[in-house]
Amino acid sequence: MRATRLPRLHVITDTRVLDAAPVGPLHDPIIATEAALAAGARLVQIRPEDHYTDRAAFDLAAAIAALCDQYGAACLVNDRVHIAQAVGADGVHLGADDLPIDAARRILPPASIIGGTARDPESARAARRAGATYLGVGPVWGTTTKTGLPQPIGLEGLAAVCEAVDLPVIAIGGITAERAALCRAAGAHGVAVVGAIAAAADPRQATVELLEAVGESPTAGREDDSRNTRTAGDSRSERVRAVGAGHTEETPDTGLLRGVGRA
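Here full-length UniProt numbering is used: the first residue of the sequence shown is 1, the next is one more, and so on.
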């Protein structure tokens with residue numbers, strides 16, 4: 001099975017700007033997402049607020065999935081598996097209170113990317129056994145983006161999870177460009193950010209700095225090249241089919257994912 005690289009920067013949408021009482025100087029999620037994609041981001045995770053109706057979540061996800069398709073980026077939906085299915089996303093990211101990873105693996109297409117949430121070696125191994133493609137680990141630092149989170153695990157906790165599993169680890173929680181480099185040094189494959197882009201004065205420049213911090217190259221003018229050369233055969237399913245169903249493993253030093261099947 002052909003190997004494919006999981007992007008090191010995961011851009012998560014912040015939909016609080018659409019609320020009646022926005023929190024902070026946030027950009028519209030579609031505008032912020034397109035700025036990040038134009039800068040070279042290769043993966044977007046759509047995270048509607050919990051109170052969003054399915055219709056509102058679908059409308060947002062459909063718009064952002066279309067942008068990801070235009071820019072050749074992977075598109076994931078947080079929590080809502082049925083919304084991911086409805087918009088043809090590349091996969092989902094699931095937390096402890098969401099549909100179990102193994103259940104999502106049974107109903108999603110075989111090549112789907114499924115991210116699991118972990119904060120210690122035990123939960124990381126459980127997610128690995130359930131069929132996670134990668135792990136979102138944190139919060140590494142405190143964050144105001146999401147309420148009700150547990151205490152930060154710090155770089156030491158992040159490193160412990162990285163050493164425990166052979167899956168790509170994506171650090172989340174209080175991530176900045178400077179901290180992203182520290183997470184990489186601790187063993188993380190990459191980082192996921194919300195406010196670092198959504199609340200930045202210049203979301204595109206913030207994305208450039210984050211990409212450089214995790215060792216990925218920003219792409220100047222990618223919107224011109226990508227949006228004008230997309231073909232029907234170059235769909236999201238084509239881009240991620242090699243991630244494969246079930247367990248994956250990260251090859252040393254490359255961040256490549258190889259599907260190794262399910263028992």
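Cβ atoms here follow ideal geometry from the backbone N, Cα and C, with glycine treated the same way.
Residue i vs residue j beta-carbon contact at 7 Å
| i | j | result |
| --- | --- | --- |
| residue 169 | residue 135 | yes |
| residue 213 | residue 188 | no |
| residue 45 | residue 76 | yes |
| residue 173 | residue 143 | yes |
| residue 155 | residue 128 | no |
| residue 267 | residue 8 | The question about residue 267 has no answer here: the residues shown for the chain are numbered 1 through 263. |
| residue 42 | residue 13 | no |
| residue 104 | residue 87 | no |
| residue 40 | residue 219 | yes |
| residue 315 | residue 124 | Outside the shown range of the chain (1 to 263) lies residue 315, about which nothing can therefore be said. |
| residue 203 | residue 32 | yes |
| residue 89 | residue 65 | yes |
| residue 84 | residue 30 | no |
Selected residue, minimal CA-CA separation from residue i, among the options
| i | options | result |
| --- | --- | --- |
| residue 101 | 201, 80, 181 and 120 | 80 |
| residue 206 | 34, 5 and 106 | 34 |
| residue 38 | 69, 87, 26 and 60 | 69 |
| residue 208 | 180, 138 and 15 | 180 |
| residue 200 | 26, 16, 55 and 5 | 26 |
| residue 59 | 137, 97, 15 and 36 | 15 |
| residue 140 | 183, 107, 131 and 56 | 183 |
| residue 145 | 49, 5 and 190 | 49 |
| residue 97 | 108, 78 and 109 | 78 |
| residue 131 | 28, 99, 82 and 138 | 99 |
| residue 109 | 122, 126, 53 and 82 | 82 |
| residue 186 | 5, 107, 137 and 149 | 137 |
| residue 74 | 190, 11 and 150 | 11 |
Reduced DSSP secondary structure (H/G/I, E/B, other) of residue i
| i | result |
| --- | --- |
| residue 190 | strand |
| residue 6 | coil |
| residue 197 | helix |
| residue 182 | helix |
| residue 81 | helix |
| residue 43 | strand |
| residue 161 | helix |
| residue 171 | strand |
| residue 12 | strand |
| residue 76 | strand |
| residue 153 | coil |
| residue 211 | helix |
| residue 23 | Its pLDDT being 46, under 50, residue 23 is placed unreliably in this model, and the value from its coordinates should be taken loosely. Three-state DSSP puts residue 23 in coil, outside helix and strand. |
| residue 71 | helix |
| residue 166 | coil |
| residue 233 | Only weak support exists for where residue 233 lies, its pLDDT of 36 falling under 50; the coordinates are left without a value. |
| residue 139 | coil |
| residue 216 | coil |
| residue 59 | helix |
| residue 203 | helix |
| residue 33 | helix |
| residue 50 | coil |
Three CB pairs or more closer than 8 Å across the region 114-127 and the region 82-98: yes
Every unbroken alpha helix (DSSP H) inside the region 85-137 [4 residues or more]: 101-107 and 121-130
Segment contact flag, the region 147-165 with the region 190-199, C-beta cutoff 8 Å, min 3 pairs: With contact defined as three or more Cβ pairs closer than 8 Å, the region 147-165 and the region 190-199 are not in contact.
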